[in-house]
Amino acid sequence: MAKKSGYENRIELMQGTLDMLILKTLQWGEQHGYGISQAIRATSSEVLQVETGSLYPALHRLERQGWVKAEWKKSDSNQRAKFYKITALGKQQLASDYERWGRMVATIEAIMTATGSNAGSEV
Amino acid sequence: MKPFELSRRKKDLAEEIESHLKMATADRVARGESPAHARREAMREFGNIPLVADVTRERWGWLRFERLTQDLRYALRTLGRDRGFTTVAVLILALGIGANIVVFSVVHTILLRPLPFYQPERLVWIAPPNSGHDLSSSTYSVDAYEDLRLMNRSYEDVTAYYAFSTPDNVKLTGHGQPVPATDISVAGNFFHVLGISAELGRTFTNEEARTGNVVMLTHAYWKSQFGGDRSIVGKTIALNDKPITVVGVLPESFDFGAVFSPGSKVDMIDPQVMNDVREQGNTLAFIGRLKPGVTLEQAQSEATTLFPKFYWGKKFPESIGAYKDHARPIFLKDYVSGALRRSLIVLWGAVGMILLIVCVNLSNLLLARTATRTKEFALRISLGARRGRLVRQLLTESLVLSGAGALLGLALAYTATFWLAHQGSIALPLMSSIRVDGVVLGWTVLIAVVVGLLFGLAPGLKVSAGNLQEALKDSSPGTSAGRNHERLRTILVVSEVALACVLIVGAGLLLRSFLHVLDVDLGFQPAWSSSINVEYATPVDFKTKDSLSRTIAQRNAYMRNMLQQISSVAGVDSAGLTDNLPLLRNRGWGGPTVKGKTYPKGYSHGAFVYMISPGYLKAIGMRLHGRDFAWSDTPTSQNVIILNKAAAQALWPNEDAVGHMAVLNDEDRLVIGVIDDVHGTNIEGDPGWQMYLPLTQWGGDGTLLVVQSKLTPAQLAPGIMNALRQIDPGQPLTELRPMQSVVDHANSPRRFFAVLVGIFAGLGLLLASLGIYGVISYSITRQTQEIGIRMALGATRERVQYGVISKTLRMALIGLAVGTIASFAVARAISSMLFGTQPSDPATFAGMIVLLTGVAFIAGYLPARRASRINPMTALRSN
Numbered sequence: 013m014a015k016k017s018g019y020e021n022r023i024e025l026m027q028g029t030l031d032m033l034i035l036k037t038l039q040w041g042e043q044h045g046y047g048i049s050q051a052i053r054a055t056s057s058e059v060l061q062v063e064t065g066s067l068y069p070a071l072h073r074l075e076r077q078g079w080v081k082a083e084w085k086k087s088d089s090n091q092r093a094k095f096y097k098i099t100a101l102g103k104q105q106l107a108s109d110y111e112r113w114g115r116m117v118a119t120i121e122a123i124m125t126a127t128g129s130n131a132g133s134e135v
Numbered sequence: 021m022k023p024f025e026l027s028r029r030k031k032d033l034a035e036e037i038e039s040h041l042k043m044a045t046a047d048r049v050a051r052g053e054s055p056a057h058a059r060r061e062a063m064r065e066f067g068n069i070p071l072v073a074d075v076t077r078e079r080w081g082w083l084r085f086e087r088l089t090q091d092l093r094y095a096l097r098t099l100g101r102d103r104g105f106t107t108v109a110v111l112i113l114a115l116g117i118g119a120n121i122v123v124f125s126v127v128h129t130i131l132l133r134p135l136p137f138y139q140p141e142r143l144v145w146i147a148p149p150n151s152g153h154d155l156s157s158s159t160y161s162v163d164a165y166e167d168l169r170l171m172n173r174s175y176e177d178v179t180a181y182y183a184f185s186t187p188d189n190v191k192l193t194g195h196g197q198p199v200p201a202t203d204i205s206v207a208g209n210f211f212h213v214l215g216i217s218a219e220l221g222r223t224f225t226n227e228e229a230r231t232g233n234v235v236m237l238t239h240a241y242w243k244s245q246f247g248g249d250r251s252i253v254g255k256t257i258a259l260n261d262k263p264i265t266v267v268g269v270l271p272e273s274f275d276f277g278a279v280f281s282p283g284s285k286v287d288m289i290d291p292q293v294m295n296d297v298r299e300q301g302n303t304l305a306f307i308g309r310l311k312p313g314v315t316l317e318q319a320q321s322e323a324t325t326l327f328p329k330f331y332w333g334k335k336f337p338e339s340i341g342a343y344k345d346h347a348r349p350i351f352l353k354d355y356v357s358g359a360l361r362r363s364l365i366v367l368w369g370a371v372g373m374i375l376l377i378v379c380v381n382l383s384n385l386l387l388a389r390t391a392t393r394t395k396e397f398a399l400r401i402s403l404g405a406r407r408g409r410l411v412r413q414l415l416t417e418s419l420v421l422s423g424a425g426a427l428l429g430l431a432l433a434y435t436a437t438f439w440l441a442h443q444g445s446i447a448l449p450l451m452s453s454i455r456v457d458g459v460v461l462g463w464t465v466l467i468a469v470v471v472g473l474l475f476g477l478a479p480g481l482k483v484s485a486g487n488l489q490e491a492l493k494d495s496s497p498g499t500s501a502g503r504n505h506e507r508l509r510t511i512l513v514v515s516e517v518a519l520a521c522v523l524i525v526g527a528g529l530l531l532r533s534f535l536h537v538l539d540v541d542l543g544f545q546p547a548w549s550s551s552i553n554v555e556y557a558t559p560v561d562f563k564t565k566d567s568l569s570r571t572i573a574q575r576n577a578y579m580r581n582m583l584q585q586i587s588s589v590a591g592v593d594s595a596g597l598t599d600n601l602p603l604l605r606n607r608g609w610g611g612p613t614v615k616g617k618t619y620p621k622g623y624s625h626g627a628f629v630y631m632i633s634p635g636y637l638k639a640i641g642m643r644l645h646g647r648d649f650a651w652s653d654t655p656t657s658q659n660v661i662i663l664n665k666a667a668a669q670a671l672w673p674n675e676d677a678v679g680h681m682a683v684l685n686d687e688d689r690l691v692i693g694v695i696d697d698v699h700g701t702n703i704e705g706d707p708g709w710q711m712y713l714p715l716t717q718w719g720g721d722g723t724l725l726v727v728q729s730k731l732t733p734a735q736l737a738p739g740i741m742n743a744l745r746q747i748d749p750g751q752p753l754t755e756l757r758p759m760q761s762v763v764d765h766a767n768s769p770r771r772f773f774a775v776l777v778g779i780f781a782g783l784g785l786l787l788a789s790l791g792i793y794g795v796i797s798y799s800i801t802r803q804t805q806e807i808g809i810r811m812a813l814g815a816t817r818e819r820v821q822y823g824v825i826s827k828t829l830r831m832a833l834i835g836l837a838v839g840t841i842a843s844f845a846v847a848r849a850i851s852s853m854l855f856g857t858q859p860s861d862p863a864t865f866a867g868m869i870v871l872l873t874g875v876a877f878i879a880g881y882l883p884a885r886r887a888s889r890i891n892p893m894t895a896l897r898s899n
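Protein chains in written order, with the working numbering: chain U, 13 to 135; chain L, 21 to 899.
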């Protein structure tokens, strides 16, 4: 097969983290796609911008994996929207994602803070 | 997954995106932006909407299907645009696939499908080893049959049928003019052993097997003669003016002729009353059903110990051991179709080659198309299509083509198999049940897919391997095609020519064999003689010598009168009676010996027996040396016999047998004539010993009237029927059968194979020439500019033509060289199917080379002419 285009590569890179962020957002309550992107943006103090091209594929994948459930409802502003809700399976997934994330951050932190001579002899 | 669900989910996604946009817009408006601006910004922020939708849909895992429908739609559109190409491609495919379907359905029916009986794999044919389909030596006596049933341990049961029934051997009377019909007599347990139950009514009871006078109708006869009247069961019909009860109708699936005597029809079956034929010697053909768990080898070894214990006739105690080494059970299926296996496999190979040629041709056509479509592909790639997607697109196109070809081929095959199934005259087993069934359909789908992938592969690889830049350069018309491209196409054409070589050589050899068979001196003249079944009501009484002479004298007078009447019918040159015709039924006895010579005990050399009247030899056109039988040869005169050359020369080597005394059945018989060998049992084999005995003296039943005439049977028939009716008003309306049809029937399997392989070779040749033409013509089109330049620089027309033709011939010659070598191998493999033709037959090979070179020349000449007419100025301007 030919290689994937660059656009999709970005999605692949963010996948694990994005899933975790979406699931975390949904833990506060059910939310629609637009709401999720706004929430991530707001809670990250406008640092993280979730692209729709990543968000919707991720939502549909999470739905397929049974981590979220979707339902059409009226929003507060009386707009019909598709609301996503985290499932029990999704909560488990979130816990394990978060734990892995924590380990990764710690590992990366360890590497970043290691002294130069030490690192040199290890490699 | 269901398409409608897919479209529902697509709508759902579109709504979801729309609601996202609406909410984003609403938020922006709330922040004070104008609605139009807010909407625009929301959309900008969202990004590429179709792309997001696409990528999202991909997460459903359904995109594959969606893309398939897309590819399919696109394929149909492109193919629809290029009607000429599509038509040619589909036609070529339909011919190739159609031929394959027809041959597969023949192979499937004859070789692969089990026989239409219950657990047919347990049925065996019990006959002497290598007896083939010669009746003379593959039958047994009633006493042997009864002993085998009692004494064997291998079979659940053994059944038998009377092997010497002739066509139209009974007449249905009682409804105006008597109608001839064909009846076969079988042992009472016949249907039970085969596992056939009646469609209507029932099969025979044990009691009926002893008494007779009952009959079962075949499905076809029941339909045609009795209009499918369901109340026929239990009713009485008159056969030969005797009341016979119809006990049942056989199912349509049971066709006695198709299995046991290919190419002949059977109308009814009655139980053989064993005592009626007990004294007649070898009359029964045996079929056994093995017990579960008993292997063929076990049955075979039992046969070698069991058969020597059987009697030819228990009346003659010394006839014990007559069947020593005279039985070797083989699977019934092998008996029915074993001899055809090789021919059918060759046929299958031939159509397989046709299919390969078709693939090669299509590959070539598609390659040419791909080349002209490079710009389209380059455009699609630059718009983001992946190469894999393009390859898939090409494969979809080729699968659509092969699918369409398969559909049309199926229609062709359906017609062809229907026609074949209704050719009653082809002496191949089970032909009437040839049809396009589920298995054949499955095969069709398989070859359609394989063919589609195969010929789609070359262009597909081309696209996936091709460099975009090079492709764009390559596609500019006017320059020579890229070298790789050219080489691939040349290889394809060369292999096509080689395949055509093999096909033509194979067909040539088979055709020449067939011509040789037609040329065989049969020993009689089928062209001018015809035969008809006659009746005479003057039975011979064998009880005493006196009664014999008296009744024979009566009958001789009757026969003589009949033959005189017939001879006086306008157009009849000569007429005679016989009991058996050459190439039809045959019967063997222990042959004559030389008087005065001592033979070892139990010595016997089999000979075919024919009972004939005076005039018969002349009527059928046999060449006689010595004298014919005369009306004066009677039971009271000198016993006489006529031999064929094979028998005469074996008995009296280097001497004229005429005038010598032979001994037959312990009686002296004077050899009065010798005839040239007649092919009595088959055309291709050794004629064997034959002896002719006078009906006038022996008293056998000679009910076949043979007439010689220069008129056609149709012109002759009314006069003959008229004369016969005058003698006996009860004479049924039987057909006057030309002897040529008997010969044709005997030749029909060979003709069938020769004609089919011939057609395939023709098809192969046509496709190969199309392939050559296509490649050359295409390369000329692409080189128009180049040729224009060369001509502008002074190249002559001849020079251009020469260049093109020599290029063509070079390709053809490489193909010929490869093909000739392959042909030698193939010819050797089919050598056992040849007759009077060497596998390396120089004429066939030379003919093939001349033919293919000629065709290649023409295929190259047409484009060459076009090339030489290129106007340099136009060619250069056109770019």
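Even glycine gets a Cβ: it sits at the ideal position worked out from N, Cα and C. Small disclaimer: the values here were computed from a predicted structure and weren't measured.
{"query": "CB-CB under 7 angstroms to R309 (chain L), same chain, minus the five flanking residues each way: which ones, in chain order?", "result": "R142, L143, Y175, E176, D177 and V213"}
{"query": "I need the DSSP call for I632 (chain L), collapsed to helix, strand or coil.", "result": "strand"}
{"query": "Which of the three DSSP states, helix, strand or coil, is assigned to L375 (chain L)?", "result": "helix"}
{"query": "Between L:I572, L:S363, L:L736 and L:V694, which lies nearest to A527 (chain L) when the distance is taken from Cα to Cα?", "result": "L:S363"}
{"query": "Mind listing the chain U neighbours of E78 (chain L)? Cutoff is C-beta to C-beta under 8 angstroms, in chain order.", "result": "P69"}
{"query": "Among all the DSSP beta bridges, which residues are the ones paired with T613 (chain L)?", "result": "L:V683"}
{"query": "Would you mind telling me which residues of chain L sit closer than 8 angstroms to T55 (chain U), beta carbon to beta carbon, in chain order?", "result": "Here the premise fails: no neighbours, minimum Cβ distance about 17 angstroms."}
{"query": "Per DSSP, D177 (chain L) is paired with what?", "result": "L:R309"}
{"query": "Does DSSP put G498 (chain L) in a helix, in a strand, or in coil?", "result": "At G498 (chain L), the pLDDT of 41 sits below 50, so the modelled position is not reliable; the number obtained from the coordinates is stated separately. Here G498 (chain L) sits in coil by DSSP."}
{"query": "L776 (chain L): buried (16+ other C-beta within 10 angstroms of its C-beta) or exposed?", "result": "buried"}
{"query": "Any heavy atom of the ligand ZN closer than 7 angstroms to the CB of P859 (chain L)?", "result": "Absent from the structure shown: the ligand ZN. Ligands present: none."}
{"query": "Does the beta carbon of A100 (chain U) sit closer than 8 angstroms to a beta carbon anywhere in chain L?", "result": "no"}
{"query": "Using only alpha-carbon positions, find the residue among L:G248, L:R885, L:G791 and L:A774 that is nearest to R817 (chain L).", "result": "L:R885"}
{"query": "Using a 10 Å radius around the Cβ and a threshold of 16 neighbouring Cβ atoms, would you call W79 (chain U) buried or exposed?", "result": "buried"}
{"query": "Is the Cβ of T64 (chain U) closer than 8 angstroms to any Cβ of chain L?", "result": "yes"}
{"query": "For S567 (chain L), which residues of its own chain have a beta-carbon under 8 angstroms away from its beta-carbon, when the five flanking residues on both sides are left out?", "result": "D561"}
{"query": "Return the chain-ordered list of same chain residues with a C-beta closer than 7 angstroms to the C-beta of N189 (chain L), the five sequence neighbours on each side being excluded.", "result": "T202 and D203"}
{"query": "Mind checking if F397 (chain L) is an interface residue toward chain U, Cβ cutoff 8 angstroms exclusive?", "result": "no"}
{"query": "Just the chain L side, please: which residues come within less than 9 angstroms of R112 (chain U) by C-beta, in chain order?", "result": "Neighbours of R112 (chain U) on chain L: none; closest Cβ ~22 angstroms, over 9 angstroms."}
{"query": "Check whether the segment 107-115 of chain U touches the segment 61-74 of chain L, counting contact only when three or more Cβ pairs, one atom from each stretch, lie closer than 8 angstroms.", "result": "no"}
{"query": "Given a threshold of 16 other Cβ atoms within 10 Å of its Cβ, counted over all protein chains shown, does V866 (chain L) qualify as buried or as exposed?", "result": "The question names Val, but residue 866 (chain L) in the sequence shown is Ala. It counts as exposed."}
{"query": "When you compare the CB of S89 (chain U) with every CB in chain L, is at least one pair closer than 8 angstroms?", "result": "yes"}
{"query": "Beta-carbon of A126 (chain U) versus every beta-carbon of chain L: anything under 8 angstroms?", "result": "no"}
{"query": "If the criterion is Cβ atoms closer than 8 angstroms, does the pair Q959 (chain L) and T654 (chain L) meet it?", "result": "Residue 959 (chain L) cannot be examined here, being either before or after the span of chain L that is shown, 21 to 899."}
{"query": "Going by DSSP in three states, E675 (chain L) sits in which element: helix, strand or coil?", "result": "coil"}
{"query": "To test your reading of the DSSP string, which unbroken beta strand (DSSP E) runs of 3 or more residues are found completely within the segment 273-353 of chain L?", "result": "288-291, 304-310 and 348-351"}
{"query": "Using a Cβ-Cβ cut-off of 8 angstroms (strictly less than) and excluding sequence neighbours within five positions of V903 (chain L), which residues of its own chain qualify?", "result": "As displayed, chain L neither begins before 21 nor continues past 899, which places residue 903 (chain L) out of reach and without an answer."}
{"query": "Of all the options L:I632, L:A670, L:S549 and L:I216, which has the alpha carbon lying nearest to the alpha carbon of I661 (chain L)?", "result": "L:I632"}
{"query": "So for Q574 (chain L), helix, strand or coil by DSSP?", "result": "helix"}
{"query": "Starting from the beta carbon of Y46 (chain U), find every residue of chain L whose beta carbon is closer than 8 angstroms, and list them in chain order.", "result": "S39, H40, M43 and A44"}
{"query": "Between the alpha carbons of Q574 (chain L) and G719 (chain L), how many angstroms are there, rounded?", "result": "11 angstroms"}
{"query": "Does the beta carbon of E36 (chain L) come closer than 8 angstroms to any beta carbon on chain U?", "result": "yes"}
{"query": "What does the alpha-carbon distance come out to for the pair V795 (chain L) and Q61 (chain U)?", "result": "58 angstroms"}
{"query": "What is the rounded straight-line gap between the Cα of V49 (chain L) and the Cα of M43 (chain L)?", "result": "10 angstroms"}
{"query": "Among L:L481, L:G301, L:L597 and L:A788, which one has its Cα closest to the Cα of C521 (chain L)?", "result": "L:A788"}
{"query": "Exposed or buried, which one is F85 (chain L) when buried takes at least 16 other CB atoms within 10 Å?", "result": "exposed"}
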